[in-house]
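Here's the structure, in structure tokens; my notes come after.
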Amino acid sequence: MRAVVALRSIKQPEEIAELDKAADVGYLMHTTAMRMCKPGVSEQAITGAIEGIAVGQGYMPSFPVILSQNGETLHNHDHSQILQKGRMLLVDAGAEIASHYASDFTRTFPVDWVFTQRQKDIYNIVLQANNHATSLCKPGVTYQSIHLEAAKVIAAGLKELGIMTGDVDEAVANGAHAMFFPHGLGHMLGLDVHDMEDLGENNVGYDDEISRIDQFGTAYLRLGRRLQTGFVLTSEPGIYFIPALIEKWKSEKINSSFINYDKAMEYIGFGGIRLEDDVLITEKGHRLLGSQRVPITVEEVEAIVGKG
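If you're matching positions, the sequence shown starts at 2 in this note's numbering and goes up one per residue.
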């Protein structure tokens with residue numbers, strides 16, 4: 002099994018070309034969603050349109066589209082809502098092309114075209130975590146360490162807003178960030194969206210050197226091992242305000258030294274923000290897959306949302 006994992010983990014130039022092609026279709030899917038996004042439009046209409054982009058080229062979505070104003074619900078496949086002013090739309094989608102190579106992007110954007118200051122504050126923390134994590138991607142670095150560095154960016158940003166408190170390194174070591182970032186930074190990508198997942202996450206994402214950390218949040222990191230040239234993976238940090246999780250941790254006083262629960266409670270109803278890119282590990286570092294990056298800065302997003 003390890004031999005199969007080793008073979009499929011290193012992508013050949015022909016495979017990378019196919020992954021770039023899948024990423025370009027994913028770009029069209031996400032920019033279409035952005036242009037269609039405005040108050041009064043149904044989530045179903047946008048979902049159907051972006052699925053149609055893949056199908057219309059003879060391809061298919063690489064997984065069931067996640068598209069929801071309730072971004073705090075991870076992997077939300079309910080598309081029953083009408084877009085409302087003041088909310089944000091989280092879209093996690095990609096394409097599987099004829100050769101079966103896949104893309105997987107996530108973007109979050111304001112329904113009424115412009116972020117509120119509160120939305121922008123949280124968004125820019127996630128963007129900083131995304132950019133920082135990607136900047137660290139190079140051969141020889143463990144993805145587990147990059148996940149923890151992204152968590153520190155999130156904890157530091159939330160501390161500036163008064164939502165988290167105390168020493169950032171200690172907060173992350175104690176898993177306090179995971180109330181807001183309760184999943185892993187990313188996973189391998191290839192012929193499967195979660196590449197080779199059927200071979201077992203621990204066989205694919207970990208090895209004899211790097212073991213899974215048994216702590217809420219970080220325990221769900223699918224890829225922790227040392228990166229190699231030719232790996233393709235996702236980088237997808239997020240911040241979510243999950244009412245049930247906040248209330249549970251508050252009632253049990255979990256990590257109360259690092260979380261200002263009164264402040265966190267003010268964000269119930271905010272939703273969630275995730276930003277995900279597809280990353281190729283190169284000999285000297287990394288590059289993003291696709292001809293161009295899906296719009297991601299506040300300025301880029303506000304320039305396209307609702308312009309359909």
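Ideal Cβ positions, reconstructed from N, Cα and C, are used throughout, including at glycine.
{"Asked": "Alpha carbons only, please: which of Pro62, Ile47, Val26 and His287 is nearest the one belonging to Met35?", "Found": "Ile47"}
{"Asked": "Can you tell me where the beta strand (DSSP E) holding Asp93 begins and where it ends?", "Found": "Met89 to Ala94"}
{"Asked": "With a CB to CB cut of under 7 Å and the five nearest residues on each side skipped, what residues in its chain are close to Leu162?", "Found": "Asp122"}
{"Asked": "For a quick check, are the C-beta atoms of Lys153 and Val127 less than 8 Å apart?", "Found": "no"}
{"Asked": "Which residue wins for smallest C-alpha separation from Gly225, given the options Gly239, Asp209 and Gly158?", "Found": "Asp209"}
{"Asked": "Would you check if there are 3 or more beta carbon pairs closer than 8 Å linking the region 246–256 to the region 139–159?", "Found": "no"}
{"Asked": "With distances taken Cα to Cα, identify the nearest neighbour of Phe182 among Leu192, Val280, Leu159 and Thr166.", "Found": "Leu159"}
{"Asked": "Residues in the same chain with beta-carbon distance under 6 Å from Glu277, minus the five sequence neighbours each way, listed in chain order, please.", "Found": "Phe106, Thr107, Thr235 and Glu237"}
{"Asked": "With respect to the alpha helix (DSSP H) encompassing His148, which residues constitute its N-terminal and C-terminal limits?", "Found": "Tyr144 to Glu161"}
{"Asked": "Run through the region 87–137 for me and flag every whole beta strand (DSSP E) of 3 or more residues, listed as ranges in chain order.", "Found": "89–94 and 106–111"}
{"Asked": "How many Å lie between His148 and Leu190 at the Cα?", "Found": "17 Å"}
{"Asked": "Could you give the DSSP three-state label for Met37: helix, strand or coil?", "Found": "helix"}
{"Asked": "When burial is assigned at 16 or more other CB atoms within 10 Å of the CB, is Lys86 buried or exposed?", "Found": "exposed"}
{"Asked": "So if DSSP puts Pro140 in a beta bridge, which residue, or which two residues, is it bridged to?", "Found": "Its beta-bridge partners do not exist; DSSP assigns none."}
{"Asked": "Just to confirm before moving on: does the CB-CB distance between Thr74 and Arg275 stay below 8 Å?", "Found": "no"}
{"Asked": "Near Gly291, what residues of its chain come up, given a Cβ to Cβ distance below 8 Å and the 5 sequence neighbours on each side ignored?", "Found": "Asp21, Ala24, Asp25, Gly27, Tyr28, Ser104 and Asp279"}
{"Asked": "Whose CA, out of Gln13, Ile83, Ala18 and Ile98, lies closest to the CA of Ile54?", "Found": "Ile98"}
{"Asked": "If you check the beta carbons only, do Ile282 and Leu228 fall under 8 Å apart?", "Found": "yes"}
{"Asked": "On the premise that Cys38 lies in contact with Gly307, defined as a C-beta separation below 8 Å, what is that separation, rounded to the nearest angstrom?", "Found": "6 Å"}
{"Asked": "Over what stretch of residues does the beta strand (DSSP E) that includes Ser236 continue unbroken?", "Found": "Val233 to Ser236"}
{"Asked": "Is the beta carbon of Leu91 closer than 8 Å to that of His80?", "Found": "no"}
{"Asked": "Around the Cβ of Ala94, are there at least 16 other Cβ atoms within 10 angstroms (buried) or fewer (exposed)?", "Found": "buried"}
{"Asked": "Report the option in Thr32, Gln82, Tyr102 and Met89 whose CA atom is closest to the CA atom of Pro62.", "Found": "Tyr102"}
{"Asked": "Measuring only the C-alpha atoms, how far is Ile11 from Phe116?", "Found": "39 Å"}
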